[in-house]
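Chemist:
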Amino acid sequence: QLQLQESGPGLVKPSETLSLSCTVSGGSISSSSNYWGWIRQPPGKGLESIGSMYYSGSTYYNPSLKSRVTISVDTSKNQFSLKLSSVTAADTAVYYCARHEGSSGGMVQYWGQGTLVTVSS
Amino acid sequence: DIQMTQSPSTLSASVGDRVTITCRASQSISSWLAWYQQKPGKAPKLLMYKASSLESGVPSRFSGSGSGTEFTLTISSLQPDDFATFYCQQYHSYSPTFGQGTKVEIK
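If you're matching them up, the sequences are chains X and H in order. Numbered per our numbering, the first sequence spans residues 44 to 164. Numbered per our numbering, the second sequence spans residues -3 to 103.
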């Protein structure tokens, strides 16, 4: 059974860079046809895709976040990561790592449990 | 981006009720639509994909229909475990977008 687990700081200061990692177990991050991505959910609000990446390097970023986002994959560690720069309070959210089926926009069958990141000084 | 609009935003219902949630896309997405259920403090759970295909392990009281721009999720007989928030997601484009959610509350 595939499992995803987020890790990283739960508190980030305004203007700094949010960094999260997602460790994949029970399967290979290099498996074909899947994109590895990040989805966030501000407290009490809906879901927003941040972006995703294929293990070989192809990426998709939400246009509204594109200038601040970097997603990378480390196949040797079976991990992928998110960096979001110049954060503000509006970036406070639960961040989920996810496997998109078949494309960067694919449905998500596997989700991490989510990690709350608060942006505050 | 393709915009997804769900209705209603909140729905009050009783155990045993038949419940229908609607999701509309701003342009045709064929049948590339998924439905998720989310309970407080938990990650969303995939219920339906390709508009009408039931994910493995999901009870048969859930069903989905539609194509193009209009879709529905139906719960034939609402159970206590079904009170949650439901989201649709289009995966027609490389840029996935979600509806704003429908919260199903106890009446």
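Backbone N, C-alpha and C fix where the C-beta goes; we use that ideal spot for every residue, glycine too. Nothing here was measured: the structure is a model prediction, and the numbers come from that model.
CB-CB under 8 Å to Asn105 (chain X), same chain, minus the five flanking residues each way: which ones, in chain order?
Modeler: Position 62 of the first sequence holds residue 105 (chain X). If we look at Asn105 (chain X) and ignore the five residues flanking it on each side, its Cβ neighbours are Glu91, Ser92, Ile93, Gly94 and Val112.
Chemist: For chain X, check one thing: does any of its Cβ atoms lie closer than 8 Å to the Cβ of Leu42 (chain H)?
Modeler: Position 46 of the second sequence holds residue 42 (chain H). With 8 Å as the cut-off, Leu42 (chain H) counts as an interface residue toward chain X.
Chemist: Is Lys35 (chain H) helix, strand or coil when you go by DSSP?
Modeler: The residue labelled residue 35 (chain H) in the question sits at position 39 within the second sequence. Three-state result, Lys35 (chain H): coil.
Chemist: Which same chain residues end up closer than 6 Å to Ser3 (chain H) when comparing Cβ atoms and leaving out the 5 residues on each side of it in sequence?
Modeler: Stepping through the second sequence from its first residue, residue 3 (chain H) is reached at position 7. Same-chain partners within the cutoff: Thr18.
Chemist: Tell me which same chain residues have a C-beta within less than 7 Å of the C-beta of Val116 (chain X), skipping the five on either side of it?
Modeler: As a first step, residue 116 (chain X) is located in the first sequence; it is residue number 73 there, counting from the start. Hits under 7 Å: Ile72, Trp79, Met96, Tyr98 and Phe123.
Chemist: One question on the structure: do Leu63 (chain X) and Tyr138 (chain X) come within less than 8 Å of each other, judged by their Cβ atoms?
Modeler: Your numbering for residue 63 (chain X) matches position 20 in the first sequence. Your numbering for residue 138 (chain X) matches position 95 in the first sequence. Closer than 8 Å, so yes.
Chemist: According to the neighbour-count rule (16 or more other Cβ atoms, all chains shown, within 10 Å of its Cβ), is Gly148 (chain X) buried or exposed?
Modeler: The residue you call residue 148 (chain X) lines up with position 105 of the first sequence. By the 10 Å Cβ count, Gly148 (chain X) comes out buried.
Chemist: Ser61 (chain H) touches chain X at which residues, Cβ-Cβ below 8 Å?
Modeler: Within the second sequence, residue 61 (chain H) is the residue found at index 65, counting from 1. Result: empty, since nearest Cβ-Cβ is about 17 Å, beyond 8 Å.
Chemist: I'd like to know whether the C-beta of Met96 (chain X) is nearer than 8 Å to at least one C-beta of chain H.
Modeler: In the first sequence, the residue the question calls residue 96 (chain X) occupies position 53. Closer than 8 Å: no.
Chemist: Ignoring anything shorter than 3 residues or poking outside the segment -1 to 57 of chain H, list the beta strand (DSSP E) runs there in chain order.
Modeler: DSSP runs (the beta strand (DSSP E)) wholly in the segment -1 to 57 of chain H: 0 to 3, 6 to 9, 15 to 21, 29 to 34 and 41 to 45.
Chemist: Please name the residue or residues paired with Ile114 (chain X) in a DSSP beta bridge.
Modeler: In the first sequence, the residue the question calls residue 114 (chain X) occupies position 71. Its beta-bridge partners are X:Leu125.
Chemist: Could you name the residues of chain H that Gln152 (chain X) contacts, counting a contact when the two beta carbons are closer than 7 Å?
Modeler: Within the first sequence, residue 152 (chain X) is the residue found at index 109, counting from 1. By Cβ distance, chain H contributes Leu42.
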